[in-house]
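Peer 1:
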Amino acid sequence: MAPKSSLDREYDVRDEAAPSAYQREIYGAFRKPAISTKFSEWERLAKLKLPEGNYNYVHDSAGMGTTCQANVEAFRRYKLKPAALVNATRRDLSVKIFGTTLSSPIMCAPVGVQNIMHTDAEEATARACEQVDVPMILSTAATRTVEQVASANGAGQRWYQLYWPKPQDEEITVSLLRRARASGYTVLVVTIDTFDLGWRPADLDNSYLPFIWGDGCQIGHSDPVFNARYDAQVAADARPLSEKIGEAWELLRRPGTMYGALQLLLHAKRIKKSQAWLNVMNSGTYRTWPDLELLKRYWDGPIVLKGIQTVEDAQKAIEYGMSGIIVSNHGGRQLDGAIASLDALAAIGNDGQVKEAIKQHEFTLLFDSGIRTGTDVLKALCLGAKAVLIARPFMYGLAIGGQKGVEHVFKCLKGELDNQLGNMGKTSVKELGRSDLEIWEKAML
Numbered sequence: 003m004a005p006k007s008s009l010d011r012e013y014d015v016r017d018e019a020a021p022s023a024y025q026r027e028i029y030g031a032f033r034k035p036a037i038s039t040k041f042s043e044w045e046r047l048a049k050l051k052l053p054e055g056n057y058n059y060v061h062d063s064a065g066m067g068t069t070c071q072a073n074v075e076a077f078r079r080y081k082l083k084p085a086a087l088v089n090a091t092r093r094d095l096s097v098k099i100f101g102t103t104l105s106s107p108i109m110c111a112p113v114g115v116q117n118i119m120h121t122d123a124e125e126a127t128a129r130a131c132e133q134v135d136v137p138m139i140l141s142t143a144a145t146r147t148v149e150q151v152a153s154a155n156g157a158g159q160r161w162y163q164l165y166w167p168k169p170q171d172e173e174i175t176v177s178l179l180r181r182a183r184a185s186g187y188t189v190l191v192v193t194i195d196t197f198d199l200g201w202r203p204a205d206l207d208n209s210y211l212p213f214i215w216g217d218g219c220q221i222g223h224s225d226p227v228f229n230a231r232y233d234a235q236v237a238a239d240a241r242p243l244s245e246k247i248g249e250a251w252e253l254l255r256r257p258g259t260m261y262g263a264l265q266l267l268l269h270a271k272r273i274k275k276s277q278a279w280l281n282v283m284n285s286g287t288y289r290t291w292p293d294l295e296l297l298k299r300y301w302d303g304p305i306v307l308k309g310i311q312t313v314e315d316a317q318k319a320i321e322y323g324m325s326g327i328i329v330s331n332h333g334g335r336q337l338d339g340a341i342a343s344l345d346a347l348a349a350i351g352n353d354g355q356v357k358e359a360i361k362q363h364e365f366t367l368l369f370d371s372g373i374r375t376g377t378d379v380l381k382a383l384c385l386g387a388k389a390v391l392i393a394r395p396f397m398y399g400l401a402i403g404g405q406k407g408v409e410h411v412f413k414c415l416k417g418e419l420d421n422q423l424g425n426m427g428k429t430s431v432k433e434l435g436r437s438d439l440e441i442w443e444k445a446m447l
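See the structure below:
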């Protein structure tokens with residue numbers, strides 16, 4: 003019997019519900035989309051929409067911005083190598099992390115003070131994440147409470163990110179973890195590169211720090227343990243009235259304008275309480291590896307360290323029983339002049355101890371810092387990341403269109419990832435590996 007020709011073969015039909023179908027939806031509307039599909043336009047439109055200080059707080063980074071620049075430029079050095087004539091008609095973006103299957107390897111990074119981008123803040127992001135099936139990681143620096151965001155997120159997947167209070171405030175740490183657990187947050191993400199705020203010239207030049215005015219303090223201001231401590235501290239203030247008046251007068255003189263002084267006067271109580279919370283959340287006290295035992299005692303789920311940049315620290319995370327790490331340099335907002343996060347991922351993902359821990363299903367490797375497109379996601383996955391976190395892109399979407407803006411950004415990223423996975427000749431993100439990349443060192447010159 004003669005073999006069947008290719009014309010007789012039954013071919014797959016593409017999945018009309020796949021993320022890349024968003025492309026056809028846009029074309030089928032016969033008009034320009036309400037929001038661009040380009041990162042550069044999200045950035046530009048957000049800048050037009052926001053006050054200078056608000057935009058700079060999200061856009062700018064530490065020092066001269068060399069780490070942030072390195073993060074983005076690193077992706078240009080890694081080139082994808084597509085395979086031809088592969089049946090990649092139907093593709094699978096799903097990944098399994100900590101026993102839960104996610105529809106794609108794209109997650110919403112923990113970004114604080116979202117009300118400076120849009121009045122609906124984290125609640126808009128939480129609703130958007132549920133709508134487009136993207137896990138949300140809530141920041142301790144949120145402008146909504148743990149409980150409010152959980153309610154807005156509904157049946158969505160959500161993790162909780164901790165800015166770790168100093169040892170003297172351990173009871174507050176425990177309270178935050180209990181609240182998160184009670185509200186359905188399943189994974190604890192501990193940020194370990196921000197015990198002290200980075201040196202950020204754009205914010206310093208504008209004397210712009212949202213926390214001083216109470217933005218990003220809502221989780222603290224709603225915490226029963228913190229409130230009890232703060233109330234006791236206020237009640238115990240036995241200084242004479244003259245000293246308190248002198249302190250207030252000195253504070254009112256700082257802005258140098260009547261308007262500034264009036265703003266301080268109107269919000270004096272909130273400012274004072276916010277400074278107390280900032281001393282808890284960003285105390286300048288640096289934690290050490292043995293302190294992780296406390297978190298393991300009070301959190302019964304997976305714990306992930308965010309801010310790892312070296313092979314040695316990745317190995318330590320394994321040795322200390324962490325469930326995973328996020329290879330991240332905080333988007334270049336902390337240490338200027340650091341290596342690109344993607345280069346750190348390349349080294350960590352290729353380490354024998356790390357690979358063995360992943361193989362034994364004892365360790366999960368995640369990534370953030372520098373991702374702007376779905377193709378960037380592909381490259382991070384090739385270098386060993388199980389999933390990636392998105393920050394600035396969704397924040398710009400939030401500024402432009404609130405919940406719908408966030409949904410659009412994630413739809414674009416998921417759609418492009420799906421589309422480009424097919425163009426790589428892959429049927430699943432699980433097929434991606436280092437052999438699918440070529441490094442162009444010349445691009446570094």
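First residue of the sequence shown: 3, per the working numbering; consecutive thereafter. All C-beta atoms in this analysis are idealised placements derived from N, C-alpha and C, irrespective of residue type, glycine included.
1. Check each candidate in Glu440, Tyr288, Trp442, Asp420 and name the one with the smallest Cα separation from Lys432.
2. So, helix, strand or coil for Met397, using DSSP?
3. So who's on the other strand from Trp201, going by DSSP bridges?
4. Pick from Val189, Thr142, Gln311: whose alpha carbon is nearest that of Leu178?
5. Based on DSSP bridge pairs, tell me the residues matched to Leu190.
6. Below 9 Å between beta carbons: does that hold for Val466 and Gly427?
7. Within the same chain, show all residues whose beta-carbon is closer than 6 Å to that of Leu206, passing over the 5 residues directly before and after it, in chain order.
8. So, do the region 26-43 and the region 165-185 have three or more beta carbon pairs nearer to each other than 8 Å?
9. Using 9 Å as the threshold, is the C-beta distance between Asn73 and Gly333 below it?
10. What does a CB cutoff of less than 7 Å around Lys318 pick up in its chain, not counting 5 residues either side in sequence?
11. Under the three-state reduction of DSSP, which class applies to Asp217: helix, strand or coil?
12. Taking buried to mean at least 16 other C-beta atoms within 10 Å of its own C-beta, is Lys361 buried or exposed?
13. In angstroms, rounded to a whole number, what distance separates the CA positions of Leu380 and Leu423?
14. Does the Cβ-Cβ distance between Thr188 and Arg160 come in under 9 Å?
15. Starting from the N-terminal side, write out each stretch of the alpha helix (DSSP H) that is 4 residues or longer and does not extend beyond the region 340-404.
16. When the Cα atoms are used, what is the spatial distance from Met446 to Arg79?
17. Do you know how far the Cα of Lys274 is from the Cα of Val97?
18. Go through the region 74-131 residue by residue and report every complete run of the beta strand (DSSP E) that reaches 3 residues or more, in order.
19. Please report the distance separating the alpha-carbon of Val15 from that of Glu321.
20. Which first and last residues belong to the alpha helix (DSSP H) in which Glu45 is found?
21. Report the rounded CA-to-CA distance for Gln116 versus Ile214, giving the unit in angstroms.
22. Candidates Val356, Asp122, Val306: which alpha carbon is nearest Glu314's?
23. Which of the three DSSP states, helix, strand or coil, is assigned to Ser185?
24. Taking the alpha carbon of Trp279 as the reference point, which residue from Val227, Met138, Cys131 has its own alpha carbon closest?
25. Reducing DSSP to helix, strand and coil, say where Glu149 ends up.
26. Is Pro167 closer than 9 Å to Val282 when the C-beta atoms are compared?
27. For Val148 and Ile108, which I take to be in contact (beta-carbon distance under 8 Å), what is that distance rounded to the nearest angstrom?
28. Rounded C-beta distance between Phe369 and Val329? I'm assuming under 8 Å.
29. Would His120 be called buried (16 or more neighbouring beta carbons within 10 Å of its own) or exposed?
30. Between Glu125 and Ala157, which are expected to be in contact by the criterion C-beta below 8 Å, what is the C-beta distance as a whole number of angstroms?
31. Which residues in the same chain have their Cβ closer than 6 Å to the Cβ of Leu294, if we skip the five residues on either side of it in sequence?
32. Which residues bound the alpha helix (DSSP H) around Leu297?
33. Going by CA-CA distance only, name the one from Ala342, Thr429, Arg129, Asp438 that's closest to Ala90.
34. Just tell me which of Gly303, Ala128, Ala111, Gln235 has its CA closest to the CA of Gln150.
35. Compute the distance between the beta-carbons of Tyr300 and Thr175, then report whether it is under 9 Å.
36. So which of Asp233, Pro212, Arg92, Tyr398 has the shortest CA-CA distance to Ala19?
Peer 2: According to the data block:
1. To locate residue 432, count along the sequence shown from 1; it is residue 430. Distances from the alpha-carbon of Lys432 to those of Glu440, Tyr288, Trp442, Asp420 put Asp420 closest.
2. As a first step, residue 397 is located in the sequence shown; it is residue number 395 there, counting from the start. Of the three classes helix, strand and coil, the one that applies to Met397 here is helix, per DSSP.
3. Counting from one through the sequence shown, the residue named residue 201 turns up at place 199. Under the DSSP definition of a beta bridge, Trp201 lacks any partner.
4. Indexing the sequence shown from 1 puts residue 178 at position 176. Measuring from the Cα of Leu178, the nearest candidate turns out to be Thr142.
5. Walking along the sequence shown from the start, residue 190 turns up at place 188. According to DSSP, which records beta bridges pairwise, Leu190 is partnered with Tyr162, Ile305.
6. Lying before the first or after the last residue shown, residue 466 is absent from the chain, which here runs from 3 to 447.
7. For the purposes of this step, residue 206 is taken as the residue at position 204 of the sequence shown. There are no such residues.
8. Proximity of the region 26-43 to the region 165-185 falls short of the contact definition, fewer than three beta-carbon pairs being nearer than 8 Å.
9. Counted from its first residue, the sequence shown places residue 73 at position 71. Counted from its first residue, the sequence shown places residue 333 at position 331. Contact flag set, yes.
10. Here residue 318 is taken as the residue at index 316 of the sequence shown, counted from 1. Only residues of its own chain outside the window of five on either side were considered, and among them Trp291 have a CB closer than 7 Å to the CB of Lys318, listed in chain order.
11. Within the sequence shown, numbered from 1, the residue matching residue 217 stands at position 215. When secondary structure is reduced to three states using DSSP, Asp217 falls in the coil class, being assigned neither helix nor strand.
12. Locating residue 361 in the sequence shown gives position 359, where the first residue counts as 1. When all chains shown are included, Lys361 counts as exposed.
13. Working through the sequence shown from its first residue, we reach residue 380 at position 378. Working through the sequence shown from its first residue, we reach residue 423 at position 421. Using only the alpha carbons, I get a separation of about 7 Å.
14. Sequence index remark: in the sequence shown, residue 188 carries index 186 (1-based). Sequence index remark: in the sequence shown, residue 160 carries index 158 (1-based). It is a contact, given that the beta carbons lie within the stated cut-off.
15. Here the runs fully enclosed are 343-351, 354-361, 376-384.
16. Along the sequence shown, read from residue 1 onward, the residue named residue 446 stands at position 444. Along the sequence shown, read from residue 1 onward, the residue named residue 79 stands at position 77. Because the pLDDT of Met446 is 44, which lies under 50, any placement of that residue in the model is unreliable, and the number read from its coordinates should be weighed accordingly. So the two alpha carbons sit approximately 7 Å from each other.
17. Counting from 1 along the sequence shown, the entry for residue 97 is found at position 95. Counting from 1 along the sequence shown, the entry for residue 274 is found at position 272. Lys274 has its alpha-carbon roughly 45 Å from the corresponding atom of Val97.
18. Complete beta strand (DSSP E) runs here, min 3: 80-82, 97-99, 102-104, 108-110.
19. Position 13 of the sequence shown, counted from the start, is the residue given in the question as residue 15. Position 319 of the sequence shown, counted from the start, is the residue given in the question as residue 321. If you take the alpha carbons of Val15 and Glu321, they lie about 47 Å apart.
20. Taking the sequence shown and counting its residues from 1, the one referred to as residue 45 is at position 43. 41-51 is the extent of the alpha helix (DSSP H) around Glu45.
21. For the purposes of this step, residue 116 is taken as residue 114 along the sequence shown, with counting starting at 1. For the purposes of this step, residue 214 is taken as residue 212 along the sequence shown, with counting starting at 1. Each residue's Cα considered, the two are about 15 Å apart.
22. For the purposes of this step, residue 314 is taken as residue 312 along the sequence shown, with counting starting at 1. Among Val356, Asp122, Val306, the Cα nearest to that of Glu314 is on Val356.
23. The residue labelled residue 185 in the question sits at position 183 within the sequence shown. Here Ser185 sits in coil by DSSP.
24. For the purposes of this step, residue 279 is taken as residue 277 along the sequence shown, with counting starting at 1. If we check each option's Cα against that of Trp279, Val227 comes out closest.
25. The count along the sequence shown starts at 1 and reaches residue 149 at position 147. The three-state reading of DSSP puts Glu149 in helix, counting H, G and I together.
26. Your numbering for residue 282 matches position 280 in the sequence shown. Your numbering for residue 167 matches position 165 in the sequence shown. The answer is yes: Cβ separation under 9 Å.
27. The residue you call residue 148 lines up with position 146 of the sequence shown. The residue you call residue 108 lines up with position 106 of the sequence shown. Taking C-beta atoms under 8 Å as the contact rule, Val148 and Ile108 fail to qualify, at a distance of about 23 Å.
28. The residue labelled residue 369 in the question sits at position 367 within the sequence shown. The residue labelled residue 329 in the question sits at position 327 within the sequence shown. Rounded to whole angstroms, the Cβ separation of Phe369 and Val329 is 5 Å, and the two are in contact under 8 Å.
29. As a working mapping, residue 120 is identified with position 118 in the sequence shown. Per the 10 Å Cβ criterion, buried.
30. Start at 1 with the first residue of the sequence shown, and residue 125 comes out as number 123. Start at 1 with the first residue of the sequence shown, and residue 157 comes out as number 155. So it is not a contact: roughly 15 Å between Cβ atoms.
31. Here residue 294 corresponds to residue number 292 of the sequence shown, with the count starting at 1. A distance below 6 Å between beta-carbons, with the five flanking residues on each side excluded, links Leu294 to the following residues of its chain, in chain order: Tyr322.
32. On the sequence shown, residue 297 is found 295 positions in, with the first residue counted as 1. Counting along the chain, the unbroken alpha helix (DSSP H) around Leu297 starts and ends at 294-300.
33. For this step, residue 90 is matched to residue 88 along the sequence shown. For the residues Ala342, Thr429, Arg129, Asp438, the minimum Cα distance to Ala90 belongs to Thr429.
34. Here the question's residue 150 lines up with position 148 in the sequence shown. Just measuring C-alpha positions, the residue of Gly303, Ala128, Ala111, Gln235 sitting nearest Gln150 is Ala128.
35. Indexing the sequence shown from 1 puts residue 300 at position 298. Indexing the sequence shown from 1 puts residue 175 at position 173. Taking a C-beta distance under 9 Å as the contact criterion, Tyr300 and Thr175 qualify as a contact pair.
36. Sequence index remark: in the sequence shown, residue 19 carries index 17 (1-based). The residue with the shortest Cα to Cα distance from Ala19 is Arg92.
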